[in-house]
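Student:
2 protein chains.
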Amino acid sequence: MPGAGRAAGVRRLRPQRPEEPPAREDLLLAAAYVSDAQYNRNVPFETSPRAIRLYYFYNHWTMQVAIYFFICVDLSLALFEEPALFPLPFLATSIAEVLCLTAFFGRLVHFAKVTPQMVFWKDTKNICIMVTIVLTLIDLIIYGSLEAVNIHSIRWSRALRPVFLINFPESRQIRRTFRSIRNTLPDILYVFLLFMFSVLIFSLMALKLFGVRSLKTVEGLPYFTDILEIAFELYVLVTTANSPDVMMPAYNFSRWYSLYFITYIIINTYIFMSVFLAVVYNNYRKHLKNEILKLAYLKRRKMIEAFNILKVKVGTEFVVTEAQWKRLAKIVMPHISSPHLELLLRISDEGQKGHVDKMNFLRLADLLNIQVVAINIKRHPLEDWMPRVYQSSASLLVQRMVRHRIFVWVYDVIILVNAIFIALDEKKPFISNAEWLFLSLYIIEILLKLYTYEPRAYFGRKQFWNWFDTLIIIAALVATVANATIQSAGNYNSQQILDIVLILRILRLLRIIVSIQRFRLIVTTLINIGPTILTFGGLVLVVYYVFAIIGMEAFQGKVWFFDPNFTTPEAQVCGNPALTGSAFARDHYCKNNFNDLASSFIVLMELTVVNQWHVLAGGFALVTHQAAKLYFISFHIVVVILIVNIFIAFILEAFFVAYSLEKSEVETAIEKKIQELGVGVQEEEMQDGKLIDNMDAKDSGFSGDDGDNKRKALKGLYFRIASKKYRTVDALLQQMFESEITPEDEGPSLDEILNLSPSDIYPKNPSFGNSA
Amino acid sequence: MPGAGRAAGVRRLRPQRPEEPPAREDLLLAAAYVSDAQYNRNVPFETSPRAIRLYYFYNHWTMQVAIYFFICVDLSLALFEEPALFPLPFLATSIAEVLCLTAFFGRLVHFAKVTPQMVFWKDTKNICIMVTIVLTLIDLIIYGSLEAVNIHSIRWSRALRPVFLINFPESRQIRRTFRSIRNTLPDILYVFLLFMFSVLIFSLMALKLFGVRSLKTVEGLPYFTDILEIAFELYVLVTTANSPDVMMPAYNFSRWYSLYFITYIIINTYIFMSVFLAVVYNNYRKHLKNEILKLAYLKRRKMIEAFNILKVKVGTEFVVTEAQWKRLAKIVMPHISSPHLELLLRISDEGQKGHVDKMNFLRLADLLNIQVVAINIKRHPLEDWMPRVYQSSASLLVQRMVRHRIFVWVYDVIILVNAIFIALDEKKPFISNAEWLFLSLYIIEILLKLYTYEPRAYFGRKQFWNWFDTLIIIAALVATVANATIQSAGNYNSQQILDIVLILRILRLLRIIVSIQRFRLIVTTLINIGPTILTFGGLVLVVYYVFAIIGMEAFQGKVWFFDPNFTTPEAQVCGNPALTGSAFARDHYCKNNFNDLASSFIVLMELTVVNQWHVLAGGFALVTHQAAKLYFISFHIVVVILIVNIFIAFILEAFFVAYSLEKSEVETAIEKKIQELGVGVQEEEMQDGKLIDNMDAKDSGFSGDDGDNKRKALKGLYFRIASKKYRTVDALLQQMFESEITPEDEGPSLDEILNLSPSDIYPKNPSFGNSA
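For the protein sequence lines, the chains are Y and X, in the order given.
Taking the UniProt record's numbering, the leading residue of the first sequence gets 1, the next gets one more, and so forth.
Taking the UniProt record's numbering, the leading residue of the second sequence gets 1, the next gets one more, and so forth.
(1) Just the C-alpha distance for residue 761 of chain Y and residue 180 of chain Y, rounded to the nearest angstrom, thanks.
(2) Identify the contact partners of residue 191 of chain X in chain Y, using a Cβ-Cβ distance below 8 angstroms as the criterion.
(3) For the region 267 to 287 of chain X, list every residue whose C-beta sits within 8 angstroms of some C-beta in chain Y, in sequence order.
(4) Compare the C-beta of residue 612 of chain Y with all C-beta atoms of chain X and state if any pair is closer than 8 angstroms.
(5) Is residue 244 of chain X close to chain Y, meaning its C-beta is less than 8 angstroms from at least one C-beta of that chain?
(6) Just mark residue 186 of chain X as buried or exposed, buried being the case when its beta carbon has 16 or more other beta carbons within 10 Å.
(7) Which runs of the alpha helix (DSSP H), 4 residues or longer, sit entirely within the region 122 to 174 of chain X?
(8) In three-state terms, what does DSSP make of residue 222 of chain X?
(9) Across which residues does DSSP place residue 355 of chain X in a beta bridge pair?
(10) If I measure Cβ to Cβ from residue 41 of chain Y and keep anything under 8 angstroms in the same chain, skipping five residues before and after, which residues do I get?
(11) Pairs of beta-carbons, one from the region 269 to 283 of chain X and one from the region 226 to 234 of chain X, closer than 8 angstroms: are there three or more?
(12) Residue 251 of chain X versus chain C: which residues are under 9 angstroms apart at the beta carbon?
(13) Would residue 265 of chain Y pass as an interface residue toward chain X - the criterion being a Cβ-Cβ separation below 8 angstroms?
(14) Report the partner residues of residue 428 of chain X according to the DSSP bridge assignment.
(15) Could you tell me which chain X residues have their CB closer than 7 angstroms to the CB of residue 255 of chain Y, listed as they occur along the chain?
(16) Applying the 10 Å Cβ sphere with the 16-neighbour rule, what's the burial state of residue 240 of chain X?
(17) Near residue 224 of chain X, what residues of its chain come up, given a Cβ to Cβ distance below 6 angstroms and the 5 sequence neighbours on each side ignored?
(18) Here's a check: name, in chain order, each residue in its chain whose Cβ is nearer than 7 angstroms to the Cβ of residue 459 of chain Y, leaving out the five neighbours to either side.
(19) Measure the alpha-carbon distance for residue 454 of chain X versus residue 543 of chain Y and round it to whole angstroms.
(20) Which residues in chain Y have a C-beta closer than 8 angstroms to the C-beta of residue 454 of chain X? List them in chain order.
(21) Which residue's Cα is closest to the Cα of residue 478 of chain Y: Y:501, Y:463, Y:457 and Y:506?
(22) So, with DSSP's three-state summary, where would you put residue 311 of chain Y?
(23) Could you have a look at residue 187 of chain X and say whether DSSP puts it in helix, strand or coil?
(24) Could you say which of Y:95, Y:193 and Y:70 lies nearest to residue 81 of chain Y if we only look at CA atoms?
(25) For residue 88 of chain X, which residues from the same chain have a beta carbon less than 7 angstroms from its beta carbon, with the 5 sequence-adjacent residues on both sides left out?
(26) Identify whether residue 216 of chain X lies in helix, strand or coil by the three-state DSSP scheme.
(27) Under the three-state reduction of DSSP, which class applies to residue 524 of chain X: helix, strand or coil?
(28) Could you give the C-beta distance for residue 449 of chain Y and residue 402 of chain Y, rounded to a whole number, given that I count them as a contact under 8 angstroms?
(29) Using the Cβ count rule (16 or more neighbours within 10 Å means buried), how would you classify residue 444 of chain X?
(30) Three Cβ pairs or more, each shorter than 8 angstroms: is that satisfied between the region 379 to 395 of chain X and the region 353 to 367 of chain X?
(31) Give, in chain order, every residue of the region 218 to 229 of chain Y whose Cβ lies closer than 9 angstroms to some Cβ of chain X.
(32) For the pair the region 259 to 272 of chain X and the region 151 to 171 of chain X, tell me if three or more CB-CB distances fall below 8 angstroms.
(33) Candidates Y:298, Y:318 and Y:159: which alpha carbon is nearest residue 307 of chain Y's?
(34) Taking the alpha helix (DSSP H) that residue 63 of chain Y falls in, what are its first and last residues?
(35) Mapping DSSP to helix, strand and coil, what is residue 299 of chain X?
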């Protein structure tokens, strides 16, 4: 049934779950259909490529950038709307918003085109976006017409804007974290209820113990007399923000009352907060494993499907012919170099029998995913241009010197001396002149290194620290020169440029990290998990945005900031007499307000850090209503108890994974083959951090072919696996779980996979602590 | 060589590593020697039992209690020495101290008697104790003689007292945690250095950015002008204690400067602090696994050794005869009941061949360790005394009612109503009378339950919640009656008793936890890890004690507490003019001082909670010297960065283990055998929390025989494995790791075991997250 095959091929073009990326195995499966069609010449070739083009266009980077641009514009509208940082008329912002909504709608229509109707309408994400578009339009119309008759209403739909950020297929990382939070909620709810019960029990005790003693707080207010007030104070104590102040009146009255507070802190602050972390962490791991195992099973299934399309019977077993295999690989990775393809074929077709068996075919997606670095051993360009000079004994001495360990040490000492000079007062001419000396020393260092090492290797893709070094130095050079020019031109001294020069000058000191192996390892791990930390940035942005919009509606204009030199009584109470005598006014927190988006974000940041949050909450409760504290408590629960704990869980997991870095089975196979074929580079030569000498490491995994195609395959090229240091945590996790699926295991059926619950996947017989 | 055998037997009596407890396998090995000797009649029997007696005497509980008593006395001497809470003359405290030292020395001599000389002198613990004893005596003499001529010197040896607590063999849990900390130090050191480097870089930036702007803090002091001051403030910001105050002056000056602080907080507060937790946690797991695997290997080796002593050849394989096996079990557990012994034999001697093979023999220690509960199905005593009344329809109705779910619900409602009554003002007579009503309702509930359920089952060993219920109610009853009596006797109203009555009345509300399954589960887990949390109590005590002694020497008498009503200017500045205008005085922290041990502990507790610690540090720096801040910083590093993180790691691990509770292989074998023999009780009947009806669960694992010996073995008795809920985390961990050793694996040699490094044990091919 060629027709059915074609339909299936087109259908398969969109990923199984619309939120998954167009992964290599999807392309492989689609390509298998195409390749099969071409081979059999049964179906017209044109239809499939058109569907592929529409699909590719949907996934093209310009479309994705465009949609992110509109999301950014939509979110940043809050900067220009009342209460605005840069006020714009309502008409301007509403036109911009309608434009964004149109773009979102267009994107959705395009998505509907490449997705079967059933799947499209079943997906809650699409429904969400449509509902939000409609709601926003309704809100715009109501608000606009009310505004026209001068009635000021609330633009409530603004809090819905992050829906677009969450629900577009591109933000699946953020969505995954949200899912993980949602899945954790039932478990955490019971702990939270028990925790609240404990707080209430302690509140009752406090009321009975301290309420009758007519004690006074430091501010002279009655101490622990109202049960709601007590419960709030004790909740704050859990966050440690009012320790030890909340204890002092009772402690001053009698030493023994400190026991009450110590018990409270041990139970609620230490034990319960750790239990929250434990529950969040446990669920995070469980669901992470679940999601990743799902992906792994899906991949396996797709590869099996592709195999079944392409298989031919040779002898007793089904195989894929070499020609078919090559055609497939070329379709999926059009830019693959012939030596690379040859290498992969030799790995897949172990016995050189002219065909690839099932087990090896299933590994194809992994094989193509592994970034094999083709290394061209190249000579230094100077050696080509003036070999006599470059090879002269003086030149060789310089090169030996630069490569010597002492060279590194000397520059470490220079950096330390520089640090001391920076700490000293730069007003003295001696010290400001020294700055030029240091700058030139650093530039000389880079030039010497470029003289010694092959420049293209020195600035190789993965040479993070070399790039860092050079960029910092060049930026410092430019800024210093600019500053000096401005200074000498007029006597005008730009503080902004000076600030930047100073910061760059200090950042240069970070280069010392490069010299200390242990430091470099820690920093590299942190940089590796950087991309996923950005996911948390997205998550935090969403939550902050919603809370900021609500906060602005509730608290705008209640508190004003006056210039610090302006000491009228009004300025002392932030322009609101309700704050007279409050801790908020006493601590000069007037600038912590919700009068525009930027200020709101900074207040929310302060609330995330937790300390003094009760002062902020108390201040805003005074200028509005006691119920305002609920806003701050719910922010604490959402951000600190949930998100920060997930963040900590993530960092813990990332570090554990980084500690147990291992090569995957497929990688080992590739490396073995590379060694067998004698085209490998010794691992030691490539040690991270050590400069690659005379080698140009090119990433032939994804980059185009490099003109070496004409050479005989596997000649003159050396391969190595791209360093695993630079793989993402997600990739590592996936690789770990995949090793748990045996090669023969075809996995559960598709429906089973999609409905996997964590407990199904979870091993029944756990052994402990392997990941540490 | 019978002589060699005997010597080995005596030597083996002390555990391999002196710090391990006299474990079952040690006894088994010793008993194997004894049993072998008895059997062979080659060596005189007398010598070994005497050695055993000396060893038993050393390990007798009275000796252990005595040594703990002396440790407590020694530590509590700080309460009576200058600066004292209850002053005693120097002569009295020094005599008490000398007494304690004598006791410690005596214990050490006793230990030397039961330990070979070589081992004794090799053990650093013994050396530590001896050196500390000598140092303390020297210090006592110097201090005493100086005191005699009226020169006041420092009693520095007091800070060494916790050495006794740590180094006596009984405190191996604390020691293990200390070892774990020590092993973590190298790893954490590099992270800490990098972190300090980052703080310094940021300090330099702050100096350059803000130092020249002549900003002022809220107190009107210069802002960020001194590099040391800045570094301290930024260190405090890492603990979040001075957020957002430290940012406000710069933020008030320009909005953009908030970026500096946000970057700082994200890098240092969030990422670095999480990395500290990750490193501590990772090391904690690694070393925990290492230690426990060591124990497991040692146990295996000892069992093999015991087997080799007792083995006889039957057919082609070596076995232990049934008689020999029984004798051995009887020696090790003299009080084991015959049915229990019979049960174990049937498990070990699967085919009833009259002998036990090697594999089964190796399991003997585990078998004996598993607490098999022998259940006697007994009738209610009332049924025996007056069967007619107890079985009457009215009585049966009452019993049905009590067992019904609605009975629980009714009492839940009563508790809630009670909570509301407690929250109301108890001055009104209506409400104070209601208290009597509630009290009687609770007593009726307990009586009804005792009527319905068999009392011995109701107060069974593991019925924690029943005990809790009853004790709370009885205590409340006693206290309420006592209070009423005192009140009616005179008009004297004892506030202390009233406080206790109030607290007990509120604690009664905790009974609601029992009714909610999910709450009960969480609390049970917390109670399970309770004993190990106490280990942390010991650890914290040691660190607090040392810091308290140092703090008292450095800060005693610098700050004084005046009665809050006493408002002279001197009282406002805590009796020290240096504090004028400081945050310490403004916040009325005068009672947070180091003037006696109790106050010091409370200050240290506040420092552990972290908030406002910079105010305390700043205050004590003002009254002494800026260098005093180092004391507070080092306390923060030791307690918050190390110990609190280990505590969190422990709670996380305990929760993960609790989530993955599984039966061990040996337990499964026993349960299978119990079922096979038809003497089991259905698991469902025994579900946790449900009351055991008419059953008397006796712990025959360790308790004596129960008169049932006369009955035919395995008749009339029912067995079940003691609920795993109540096992300690340590036991669970051990069981988990043991399953990783295959039965055939005899483990590495003894020397190898004792020198195992974590990396040797660590699996080379980790799979991820099994323990979650």
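Beta carbons are placed, not taken as given, at the ideal position from N, Cα and C, and that holds for glycine.
Tutor: A quick look at the data gives this:
(1) Unreliable positioning characterises residue 761 of chain Y in this predicted model, as indicated by a pLDDT of 40, which lies under 50. The coordinate reading is nonetheless provided below. Cα to Cα, residue 761 of chain Y sits roughly 16 angstroms from residue 180 of chain Y.
(2) 522
(3) 269, 270, 271, 274, 275, 277, 278, 279, 281, 282, 285 and 286
(4) yes
(5) Residue-level contact check: residue 244 of chain X touches chain Y, since one or more beta carbons of chain Y fall below 8 angstroms from its beta carbon.
(6) Classification for residue 186 of chain X: exposed.
(7) 124 to 148 and 162 to 167
(8) strand
(9) X:321
(10) Confidence in residue 41 of chain Y is poor, its pLDDT being 39 and thus under 50, which makes the residue's placement too unreliable to answer from.
(11) no
(12) Structure shown: chain C not included; protein chains present are Y and X.
(13) yes
(14) Answer by DSSP bridge pairing: none, since residue 428 of chain X is not bridged.
(15) Within chain X, the residues near residue 255 of chain Y are 598.
(16) buried
(17) 206, 210, 211 and 230
(18) Closer than 7 angstroms at Cβ, skipping near neighbours: 466 and 467.
(19) 56 angstroms
(20) The contacting residues do not exist; residue 454 of chain X stays about 31 angstroms from chain Y at best.
(21) That would be Y:501, whose Cα lies nearest to the Cα of residue 478 of chain Y.
(22) coil
(23) helix
(24) Y:95
(25) For residue 88 of chain X, where only same-chain residues beyond five positions count, the Cβ hits under 7 angstroms are 80.
(26) strand
(27) helix
(28) 6 angstroms
(29) exposed
(30) no
(31) 218 and 227
(32) Contact between the region 259 to 272 of chain X and the region 151 to 171 of chain X is not established, with fewer than three Cβ pairs separated by less than 8 angstroms.
(33) Minimum Cα distance to residue 307 of chain Y is reached at Y:318.
(34) 61 to 76
(35) When DSSP states are grouped into helix, strand and coil, residue 299 of chain X belongs to the helix group.
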